[in-house]
Each structure stands twice: as structure tokens, then as C-alpha cells.
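Numbering (the numbering used here), first residue to last: 121 to 316. The beta-carbon is built from N, C-alpha and C at its ideal position, and this holds for glycine as well. First comes the structure, then the notes that go with it.
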């Protein structure tokens with residue numbers, strides 16, 4: 121519900137509403153067609169509940185990782201952008217919650233979790249060519265992916281926001297991370313799935 125109201129959620133553990141549950145079910149049907157080897161999720165309930173339908177369809181366990189939590193927004197959590205702009209104009213200009221996490225801290229934290237997940241799926245799969253699905257939060261993923269991709273902090277905004285239950289695809293080629301898809305909500309051909 122907070123997404124619909126455009127409220128800063130941060131690490132507040134707001135539940136999924138019926139729309140969020142339906143979005144998670146749809147994404148699970150699509151992603152299950154890719155046959156993931158590992159599912160790792162933020163330990164905030166909205167992310168874990170988003171991962172649950174995929175776990176049910178694949179038979180995989182969801183591994184919870186607190187380092188995939190959304191950016192801690194301190195006193196901004198629960199406020200709309202207009203309220204933040206009005207109450208904290210200087211902090212709003214740099215998008216830095218006065219008592220929350222900096223973008224740098226979030227980028228470092230989430231990048232470590234993404235690297236840890238990549239290592240885990242590589243070690244788990246024979247031949248080392250596995251697929252992990254990471255369920256996290258928009259700002260956390262954007263910042264963490266920017267760090268993994270080696271983007272300077274000032275360019276992290278180049279990656280646009282993720283829509284609810286959309287995904288990005290990262291892969292390694294020639295020993296370097298690369299962004300193969302961003303903010304996707306459908307599968308490339310020839311993967312077929314039940315996408316009612």
C-alpha cells in the first residue's frame with residue numbers, strides 16, 4: 121500500500137497488499153520458467169513474501185539475507201516525497217535521510233550480498249553456471265548493482281528505478297559483471313511460461 125501512496129518505506133516492514141501478492145504470483149510464474157538454482161531474499165517480510173510464490177513453484181528454499189534490506193530511511197520512513205521535501209529541504213536536495221543510511225553504505229552492503237549470492241550459486245551448481253534470483257528492494261538493488269558493475273557513486277542514478285516485481289539480469293562475461301536487462305517484466309524468447 122505504501123508504494124501506491126508513494127511513501128518512503130525504507131526498512132519499515134509494511135505488508136504486501138492484494139496487488140503486491142498478485143504481482144508476486146505473476147513474477148513467480150515467469151521466473152520459475154528460468155529454473156533458478158537459488159533464491160535469496162531480504163529478510164523484510166514484504167520481500168520474503170514476494171519470494172514465497174517462486175519458492176513454492178520451484179521447490180527451493182528462500183534464504184534470507186539482512187544485507188539485502190532496503191535503505192534505512194530514519195525519520196523519512198512513512199513520509200511522502202512532498203512531506204520529505206517540506207520538512208527536510210536540504211537533506212531532500214541530496215536525498216540523504218538525516219538519521220538513515222547513506223547511499224554509499226547501502227551500495228557497499230548490498231554489493232557484498234550480491235557477490236556472496238553469486239559465489240554461493242557458482243559453488244552449488246556443477247559447472248558453476250547457475251542462476252540465482254535475488255528478491256530485494258528498489259533503491260537497495262539499484263545502489264548495489266551500480267557498485268557491482270563498477271559505476272562511480274555519482275552515476276548510480278543512471279539505473280532507473282525498478283517497478284514492483286520487475287527484475288534486472290546481471291551476468292559475468294570475461295570476468296566482469298555486466299547488466300543484461302533492467303526493469304524487465306517479461307521473459308525473452310524462446311522461454312515460454314504461463315503468463316496469464
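query                                                                                                                                                                                            : result
Taking the alpha helix (DSSP H) that residue 270 belongs to, which residues open and close that run?                                                                                             : First-last for residue 270: undefined, no H or E at that position.
Using only the alpha-carbon positions, how far apart do residue 163 and residue 304 sit?                                                                                                         : 23 Å
Tell me whether the beta-carbon of residue 198 lies closer than 8 Å to the beta-carbon of residue 132.                                                                                           : yes
Should residue 314 go down as buried or exposed, given a rule of 16 or more other Cβ atoms within 10 Å for buried?                                                                               : For residue 314, the predicted structure reports a pLDDT of 47, less than 50, and the residue's modelled location is therefore unreliable. A value from the coordinates is still provided. It counts as exposed.
Skipping 5 residues on each side, what residues in its chain have a beta carbon closer than 6 Å to that of residue 318?                                                                          : No answer is possible for residue 318: the residues shown for the chain start at 121 and end at 316.
With DSSP collapsed to three states, give me the class of residue 165.                                                                                                                           : helix
What first and last residue would you give for the alpha helix (DSSP H) that runs through residue 245?                                                                                           : Neither: residue 245 is in no alpha helix (DSSP H) and is coded neither H nor E.
Alpha carbon to alpha carbon, how far is residue 306 from residue 129?                                                                                                                           : 26 Å
Please classify residue 244 as buried or exposed, where buried requires at least 16 other C-beta atoms within 10 Å of its C-beta.                                                                : exposed
Using the beta-carbon count (16 or more within 10 Å), is residue 289 buried or exposed?                                                                                                          : exposed
Quick one: grab the DSSP three-state call for residue 189.                                                                                                                                       : coil
Name the one or two DSSP bridge partners that residue 291 has.                                                                                                                                   : 298
DSSP state of residue 144, grouped into three classes?                                                                                                                                           : helix
Identify, in the order they occur along the chain, each residue of the same chain with its Cβ nearer than 8 Å to the Cβ of residue 237, setting aside the five sequence neighbours on each side. : 158, 160, 185, 252 and 254
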